[in-house]
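If you read the protein sequences in the order shown, they are chains P and L.
Read in numbering that gives the first Met the number 0, the first sequence has 170 at position 171, and its numbers run on one by one without any break.
Read in numbering that gives the first Met the number 0, the second sequence has 255 at position 256, and its numbers run on one by one without any break.
First the structure, in the form of structure tokens, and then the observations on it.
There are 2 protein chains.
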Amino acid sequence: MTTFREQFREHIQTLQTKICKGLEEEDGKAKFVSDKWERPGGGGGDTRVISNGNIFEKGGVNTSIVHGDLTPQAAQQLNVNGKSFFACGLSLVIHPFNPFVPTVHANWRYFELYDQNGLPVDAWFGGGTDLTPYYLVEEDAIHFHSIQKKSCDRFGDSLYPKFKEQCDQYFINHHRGEERRGIGGIFFDHCREDDQHDLKFWKTFTETNGTVFLEGYLPIVSKRKQTLFTDKHKYWQEIRRGRYVEFNLIHDRGTLFGLKTNGRTESILMSLPPTVRFDYNYIPEQGSEEEKLINVLMKPKEWV
Amino acid sequence: MTTFREQFREHIQTLQTKICKGLEEEDGKAKFVSDKWERPGGGGGDTRVISNGNIFEKGGVNTSIVHGDLTPQAAQQLNVNGKSFFACGLSLVIHPFNPFVPTVHANWRYFELYDQNGLPVDAWFGGGTDLTPYYLVEEDAIHFHSIQKKSCDRFGDSLYPKFKEQCDQYFINHHRGEERRGIGGIFFDHCREDDQHDLKFWKTFTETNGTVFLEGYLPIVSKRKQTLFTDKHKYWQEIRRGRYVEFNLIHDRGTLFGLKTNGRTESILMSLPPTVRFDYNYIPEQGSEEEKLINVLMKPKEWV
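Put into structure tokens, the structure is as follows:
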């Protein structure tokens, strides 16, 4: 499995550079700034941040490759047994300025666990990609989900429906009557070797989903970046960004796990939107475009 | 103890009206709007919200009087045994527009627990008041803490130091190297009948802290509301408001308890600031006023 560690590390580092380049070219102004950091317990990361671009108001494309002893608290949160671990992943969140350009999030990760002799006892892949529009453009939702489906389908017909459903069930603000953070995508976790698939299958699956990321997102950015918007649209975007904050800080397992196990706070909270509003009891007008979005967030659709 | 229920309910309802009136008079423009709600499991509340005033950008002064069966989840979170409960409290958070006027938070509450025959098995008071400035004005910190101390001292010399310390230990963003949310005040909880004090002692103590609230806060508002400020000061306020959001959503027991036990979301999240910024790795300039604040948040001072 050590080979997988090396191969997946190399994959995410190459992918990080490729994704940053693709986003920079689309933006045409801002460049990613790299912040390399070390983890006291072992390993480190490369946090690449973009801000105040033509299109992208704030975003991060981060890799981390960490290893060390598994604290009892971390083992409990992950619900696993093991003495030490290796974890390697790429996490990205991009917040555009224009409310008609959706926010996107993706994460691809590999985890290995070892016993007290340092022998591997468990290994799994996880990840996914999901879209958070502020206004619903059906054509964009269809495009985004089509790419996610295509990325899954070469590995079997059952995977997209399963991981699309898991995504819809994961990104929920449970304190807001099951309102979703966005219109989903795919979400998969704990993809281990089993009767049907070996670990290499899940490695290739995870890498493939990373590889199609720009193809899923950039055409939408490109189509919507010129859309004119008013203060009213921006206001709504900032209200919705508030819900993004609520999800990430109250419910997101990755965020809470990171913060509670002394992860690098600034890299973890890079995901939070740049400007945000919290109004008391904000309710969109009946029949409005804003309400149309909420309806889909309350009841996810099959897009493809 | 039933008498305490009635008496404390009456106290917080009278106090709610008095505090709203005091804040409205200071603001001179905005009025509190009342939103009465019912809890499906029993009881309800009165959420009073102020927004877009001359001074107050957003604020809420809420009472709730709820009762019903204690879910296993709620019992676990509260770390108590009981079949049913009664809870009654006033919670307030005020976010001023001007970065030189501090945000304030207060809460006073009474809790009763009953066995399966409806007989009381436990009862306690809790609460406190704390201040969150964006710029440190020592004179204001001293005034605020003096009033908190005065409110404690008639009940014994040991209470202010103890509850001041508990406040400094409670409002911590643990994921940010023990940075406090603000400059504290007092925080007390689970104040039960014991060898030294009966429950009536804690009732009077809690009521007294509520009664001095305006005396602690309004003179500071009055002194700072005319202070001129620039975009730079406002920017910093919004960055600090981000930390307020982080504390409330990641660490605050009351907020998380409310959200996880199907409390009224809009009343609970009324506490979140109106406009907020999250920048990557924002660090104040060395020797600046902004850094001066951080220094006190990292290492709380004795103000009186």
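By construction, the Cβ of each residue, glycine as well, lies at the ideal position given by its N, Cα and C atoms.
Small disclaimer: the values here were computed from a predicted structure and weren't measured.
Legend entry - C-beta contact flag for Ala-105 of chain P and Leu-91 of chain P at 8 Å: Indexing the first sequence from 1 puts residue 105 of chain P at position 106. Indexing the first sequence from 1 puts residue 91 of chain P at position 92. The answer is yes: Cβ separation under 8 Å.
Inset, instruction - Indicate the three-state DSSP secondary structure (helix, strand or coil) for Thr-131 of chain P in the structure shown. - result: Numbered from 1 along the first sequence, position 132 holds the residue referred to as residue 131 of chain P. Of the three classes helix, strand and coil, the one that applies to Thr-131 of chain P here is strand, per DSSP.
Inset, instruction - Taking the CB atoms as reference points, tell me whether Thr-260 of chain L and Asn-97 of chain L lie closer together than 8 Å. - result: On the second sequence, residue 260 of chain L is found 261 positions in, with the first residue counted as 1. On the second sequence, residue 97 of chain L is found 98 positions in, with the first residue counted as 1. No, Cβ-Cβ distance for Thr-260 of chain L and Asn-97 of chain L is not below 8 Å.
Legend entry - Residues, ordered as in the chain, of the segment 90-109 of chain L that lie near chain P by beta-carbon distance below 8 Å: none
Inset, instruction - Determine the contact status of Ile-54 of chain P and Val-220 of chain P, defining contact as a CB-CB distance below 8 Å. - result: For this step, residue 54 of chain P is matched to residue 55 along the first sequence. For this step, residue 220 of chain P is matched to residue 221 along the first sequence. Contact: yes.
Inset, instruction - From the DSSP output, in three-state form, read off Trp-235 of chain L for me. - result: Numbered from its first residue, the second sequence carries residue 235 of chain L at position 236. Trp-235 of chain L: helix per DSSP, three-state reduction.
Legend entry - Cross-chain neighbours of Pro-273 of chain P in chain L, by beta carbon under 8 Å: For the purposes of this step, residue 273 of chain P is taken as the residue at position 274 of the first sequence. By Cβ distance, chain L contributes Arg-276, Phe-277, Asp-278.
Inset, instruction - Please name the residue or residues paired with Ile-185 of chain L in a DSSP beta bridge. - result: Position 186 of the second sequence, counted from the first residue, corresponds to residue 185 of chain L. For Ile-185 of chain L, which the question treats as bridged, DSSP gives the partners L:Thr-128.
Inset, instruction - Can you tell me which of the three DSSP states Trp-36 of chain L falls into? - result: Along the second sequence, one-based indexing puts residue 36 of chain L at 37. Correct three-state label for Trp-36 of chain L: strand.
Legend entry - chain P contact residues for Met-269 of chain L, given Cβ-Cβ distances below 7 Å: Numbered from 1 along the second sequence, position 270 holds the residue referred to as residue 269 of chain L. What Met-269 of chain L touches in chain P: Tyr-279.
Legend entry - N- and C-terminal bounds of the beta strand (DSSP E) containing Val-48 of chain P: Walking along the first sequence from the start, residue 48 of chain P turns up at place 49. Taken as a continuous stretch (DSSP letters only), the beta strand (DSSP E) holding Val-48 of chain P covers 42-50.
Inset, instruction - Return the Cβ separation of Phe-256 of chain L and Phe-200 of chain L in integer angstroms, given the expectation that the two are a contact with Cβ distance under 8 Å. - result: Numbered from 1 along the second sequence, position 257 holds the residue referred to as residue 256 of chain L. Numbered from 1 along the second sequence, position 201 holds the residue referred to as residue 200 of chain L. Not confirmed; about 26 Å, so no contact.
Legend entry - Span separating the alpha-carbon of Gly-286 of chain L from that of Pro-71 of chain L: Here residue 286 of chain L refers to the residue found at position 287 of the second sequence. Here residue 71 of chain L refers to the residue found at position 72 of the second sequence. Each residue's alpha carbon lies about 51 Å from the other.
Inset, instruction - Please check if any C-beta of chain L sits within less than 8 Å of the C-beta of His-315 of chain P. - result: Residue 315 of chain P lies beyond the stretch modelled for chain P, which goes from 0 to 303, so this question has no answer here.
Inset, instruction - Verify whether the separation of the beta carbon atoms of Ile-171 of chain L and Leu-130 of chain L is less than 8 Å. - result: Here the question's residue 171 of chain L lines up with position 172 in the second sequence. Here the question's residue 130 of chain L lines up with position 131 in the second sequence. Their beta carbons are not under 8 Å apart, which means Ile-171 of chain L does not touch Leu-130 of chain L by this criterion.
Inset, instruction - Return the bridge partner residues of Asn-172 of chain L from the DSSP annotation. - result: For the purposes of this step, residue 172 of chain L is taken as residue 173 along the second sequence, with counting starting at 1. Answer is L:Glu-178, bridged to Asn-172 of chain L.
Legend entry - Rounded separation between Arg-191 of chain P and Phe-110 of chain P - CA only: Here residue 191 of chain P refers to the residue found at position 192 of the first sequence. Here residue 110 of chain P refers to the residue found at position 111 of the first sequence. So the two alpha carbons sit approximately 10 Å from each other.
Legend entry - Distance, Arg-108 of chain P Cα to Glu-206 of chain P Cα: Position 207 of the first sequence, counted from the first residue, corresponds to residue 206 of chain P. Position 109 of the first sequence, counted from the first residue, corresponds to residue 108 of chain P. About 9 Å.
Inset, instruction - Count the other C-beta atoms from every protein chain shown that fall within 10 angstroms of the C-beta of Asn-305 of chain L, then say buried if there are 16 or more, exposed otherwise. - result: Residue 305 of chain L lies beyond the stretch modelled for chain L, which goes from 0 to 303, so this question has no answer here.
Inset, instruction - Answer with yes or no whether the minimum CB distance from Val-220 of chain L to chain P is below 8 Å. - result: Taking the second sequence and counting its residues from 1, the one referred to as residue 220 of chain L is at position 221. Not closer than 8 Å to any Cβ of chain P, the Cβ of Val-220 of chain L fails to qualify, so no.
Inset, instruction - Compare the C-beta of Gly-59 of chain P against all C-beta atoms of chain L and say whether one is closer than 8 Å. - result: Mapped onto the first sequence, residue 59 of chain P falls at position 60. At least one chain L Cβ lies under 8 Å of Gly-59 of chain P.
Legend entry - Buried or exposed (CB count within 10 angstroms, at least 16 for buried), Ser-33 of chain L: Taking the first residue of the second sequence as position 1, residue 33 of chain L is located at position 34. With fewer than 16 other Cβ atoms within 10 Å, it is exposed.
Legend entry - Cβ neighbours of Met-0 of chain P in the same chain (closer than 8 Å, five flanking residues each side left out): The residue labelled residue 0 of chain P in the question sits at position 1 within the first sequence. For Met-0 of chain P, the predicted structure reports a pLDDT of 47, less than 50, and the residue's modelled location is therefore unreliable. A value from the coordinates is still provided. Only Glu-111, Pro-119, Ala-122, Leu-198 meet the Cβ criterion.
Legend entry - Reference Gln-355 of chain P, options P:Leu-89, P:Lys-57, P:Val-79, P:Phe-84, closest by Cα: A query on residue 355 of chain P cannot be resolved here, the shown segment of chain P reaching from 0 to 303 and no further.
Legend entry - Short CB-CB distance (under 8 Å) between Glu-245 of chain L and chain P: Taking the first residue of the second sequence as 1, we reach residue 245 of chain L at position 246. With 8 Å as the cut-off, Glu-245 of chain L counts as an interface residue toward chain P.
Legend entry - Rounded separation between Glu-301 of chain L and Arg-180 of chain L - CA only: Along the second sequence, one-based indexing puts residue 301 of chain L at 302. Along the second sequence, one-based indexing puts residue 180 of chain L at 181. Glu-301 of chain L and Arg-180 of chain L: Cα-Cα distance of roughly 16 Å.
Legend entry - Proximity winner among P:Ser-50, P:His-10, P:Gly-21, relative to Ala-29 of chain P (alpha-carbon distances): As a first step, residue 29 of chain P must be located in the first sequence, where it is residue number 30. Residue P:Ser-50 is the option with its Cα nearest to Ala-29 of chain P.
Legend entry - Reduced DSSP category for His-359 of chain P - H, G, I as helix; E, B as strand; rest coil: The question about residue 359 of chain P has no answer here: the residues shown for chain P are numbered 0 through 303.
Inset, instruction - Could you name the residues that DSSP lists as bridge partners for Tyr-109 of chain P? - result: Mapped onto the first sequence, residue 109 of chain P falls at position 110. Paired residues: P:Cys-87, P:Phe-124.
Legend entry - Neighbour flag for Val-295 of chain P against chain L, beta carbons, 8 Å: Counted from its first residue, the first sequence places residue 295 of chain P at position 296. No - not a single Cβ of chain L is within 8 Å of the one on Val-295 of chain P.
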